[in-house]
Amino acid sequence: MDSDAGSPVNATSGAASETRAAGEPPPGEPSAGQTRIVLTRHPGQAGAMEPELRAAGFRVDFMPLTEQRLPRDTALLRSEISRLASGDYDWLVLTSANTVRALHRLGWSGEGAAHTAIAVTGPGTARVLQKYTGVDTAWIPSDRSAAGIVAELPGPAADAGADRLTGGSPANAGTGPGSRVLLPQSSAARSELAEGLTARGFTVNKVVAYDTVPLHRDTVPLHSGAEPGTEPPLNPEAPGPSAPVLTPAELRPADVVLVTSTTSASALLNELGRGFPCGVVAIGQPTARTLRELGAPADAVASDPSAAAVIAAVRSARLD
Numbered sequence: 003m004d005s006d007a008g009s010p011v012n013a014t015s016g017a018a019s020e021t022r023a024a025g026e027p028p029p030g031e032p033s034a035g036q037t038r039i040v041l042t043r044h045p046g047q048a049g050a051m052e053p054e055l056r057a058a059g060f061r062v063d064f065m066p067l068t069e070q071r072l073p074r075d076t077a078l079l080r081s082e083i084s085r086l087a088s089g090d091y092d093w094l095v096l097t098s099a100n101t102v103r104a105l106h107r108l109g110w111s112g113e114g115a116a117h118t119a120i121a122v123t124g125p126g127t128a129r130v131l132q133k134y135t136g137v138d139t140a141w142i143p144s145d146r147s148a149a150g151i152v153a154e155l156p157g158p159a160a161d162a163g164a165d166r167l168t169g170g171s172p173a174n175a176g177t178g179p180g181s182r183v184l185l186p187q188s189s190a191a192r193s194e195l196a197e198g199l200t201a202r203g204f205t206v207n208k209v210v211a212y213d214t215v216p217l218h219r220d221t222v223p224l225h226s227g228a229e230p231g232t233e234p235p236l237n238p239e240a241p242g243p244s245a246p247v248l249t250p251a252e253l254r255p256a257d258v259v260l261v262t263s264t265t266s267a268s269a270l271l272n273e274l275g276r277g278f279p280c281g282v283v284a285i286g287q288p289t290a291r292t293l294r295e296l297g298a299p300a301d302a303v304a305s306d307p308s309a310a311a312v313i314a315a316v317r318s319a320r321l322d
């Protein structure tokens, strides 16, 4: 077993649920008349969307249902990181911030970016990429999703795609038949992205970057320091003072749960069954499709993980 096996990307600290700004209502008690949006992710994964939702008048809390861990055997992923640094790929496609964290945890700090173009699904992943590697030239599709990457990624014969790369195009990106793509993803990722790029003529090497598993609320988080010698989490960002952590039992009828991923959708059903006690908004069609397939469709779907899209979805379903 690899020495990094089982190291979590994020973990929920019991202390985190006790920290909040002075005068702020405790978890479960939003201000009178205020809609609470509950995100199914850890506070350490918060991005620009959360403060924008607060600025729009919503209470924002977190209810992590899953955690991300490196695969038990990281030998293949390490090998692909070495190939990436050596210039063996024309494109590196990153579909989540967790993928960036996993690669960084195994030693990748942006090596290969001089000769390999990097595509990300949206600004959140781009922001984490820059934070961990300093790379600020990622290409982002106008449709900020995996489907957008399939449709818009400058293709093997797309010499016109060079000017769509923020900061310019590496010389060998998307220029030859069968352009080489490294696609590190969650072990639970759907196959549409790899299949769609392959159908367009790319040579895609899909490799598992991390596993998503149910969150164990009764375990000691690795970042607590209670287990000497254990690896720190891949997602070490501490939650802010206004980031209480909820459990499903604390949801109220007036809440809106924002389901942020397909794995969170499955975990939510495992926790609550099909009878949700509150409103539910899914981010993106893949997450919405998972909820439908599980027999618990969302009340509304946000087209992308932005505050504007979430607010539009909440208001379209009259959940506010």
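Here my numbering = 1-based position in the sequence shown + 2.
Ideal Cβ placement from N, Cα and C applies to all residues, glycine included.
Beta-bridge partners of residue i, as assigned by DSSP
i, result
"Ala324", "No statement about residue 324 is possible, as the shown extent of the chain runs from 3 to 322 and does not include it."
"Asn207", "Leu184"
"Tyr212", "Ser188"
"Ile39", "Val62 and Val258"
"Trp141", "Ala121"
Assigned secondary structure, residue i (DSSP; H/G/I helix, E/B strand, else coil)
i, result
"Asp322", "coil"
"Gln187", "strand"
"Val102", "helix"
"Val1", "Any question about residue 1 goes unanswered here, given that the chain covers just 3 to 322."
"Gly114", "coil"
"Leu217", "coil"
"Gly126", "helix"
"Leu199", "helix"
"Gly150", "helix"
"Leu131", "helix"
"Asn174", "The predicted model places Asn174 with a pLDDT of 39, which falls under 50 and marks its position as unreliable, so this point remains unresolved."
Alpha-carbon spacing of residue i relative to residue j, whole angstroms
i, j, result
"Asp213", "Asp75", "11 Å"
"Leu248", "His117", "44 Å"
"Pro288", "Val312", "16 Å"
"Leu184", "Val130", "18 Å"
"Val209", "Thr200", "15 Å"
"Asp1", "Leu321", "Only positions 3 to 322 of the chain appear in this structure, which leaves residue 1 out of reach."
"Leu86", "Ser144", "26 Å"
"Gly136", "Pro279", "43 Å"
"Ala290", "Val316", "14 Å"
"Ser84", "Gly109", "10 Å"
"Gly169", "Ala119", "In this prediction, Gly169 has a pLDDT of 38, which is less than 50 and means its spatial position is unreliable; nothing more can be read from the coordinates."
"Arg61", "Ala149", "31 Å"
"Asp257", "Gly281", "6 Å"
"Ile285", "Val261", "6 Å"
"Thr97", "Leu72", "16 Å"
"Met51", "Pro158", "34 Å"
"Gly273", "Ser181", "Contrary to the premise, residue 273 reads as Glu rather than Gly in this sequence. Cα to Cα, Glu273 sits roughly 43 Å from Ser181."
"Leu271", "Pro66", "13 Å"
"Val102", "Gly126", "11 Å"
"Gly30", "Gly277", "In this prediction, Gly30 has a pLDDT of 46, which is less than 50 and means its spatial position is unreliable; nothing more can be read from the coordinates."
"Ala267", "Thr292", "7 Å"
"Val303", "Leu94", "28 Å"
"Gly297", "Thr265", "15 Å"
"Trp141", "Ala121", "5 Å"
"Pro216", "Glu69", "6 Å"
"Ala99", "Ser188", "11 Å"
"Val40", "Ala309", "13 Å"
"Ala196", "Glu154", "14 Å"
"Ala58", "Ala314", "12 Å"
"Ala77", "Ala115", "22 Å"
"Pro299", "Gly203", "35 Å"
"Arg80", "Ser263", "26 Å"
Same chain, Cβ closer than 7 Å to residue i, neighbours up to 5 away in sequence not counted
i, result
"Arg146", "Thr123, Gly124 and Asp306"
"Leu105", "Ile83, Pro186 and Ala211"
"Gly112", "Thr135, Gly136 and Val137"
Neighbourhood of residue i by C-beta distance below 6 Å, restricted to the same chain and skipping five residues each side
i, result
"Ser138", "The question names Ser, yet the displayed sequence has Asp at residue 138. Contacts found: Gln132."
"Gly198", "Val152"
Chain B within 7 Å of residue i, Cβ atoms only
i, result
"Val259", "No chain B is part of this structure, which consists of one protein chain only."
Residue i Cβ short of 6 Å to the ligand ATP heavy atom set
i, result
"Gln36", "For the structure depicted, the ligand ATP is absent and the ligand set is empty, with no information on it obtainable."
Proximal residues to residue i (C-beta, below 8 Å), its chain only, five neighbours per side dropped
i, result
"Arg38", "Pro32, Phe60, Arg61, Val62, Asp63, Arg254, Ala256, Asp257 and Val258"
"Asn207", "Glu82, Tyr91, Arg182, Val183, Leu184 and Leu185"
"Leu55", "Ile39, Val62, Ala309, Val312 and Ile313"
Practice task
Taking only runs that begin and end inside the region 250-319, name each unbroken beta strand (DSSP E) of 3 or more residues, in chain order.
Solution key: 258-261, 281-285 and 302-304
Problem - Ranges of the beta strand (DSSP E) found wholly within the region 46-87, counting only runs of at least 3 - result: 61-64 and 68-71
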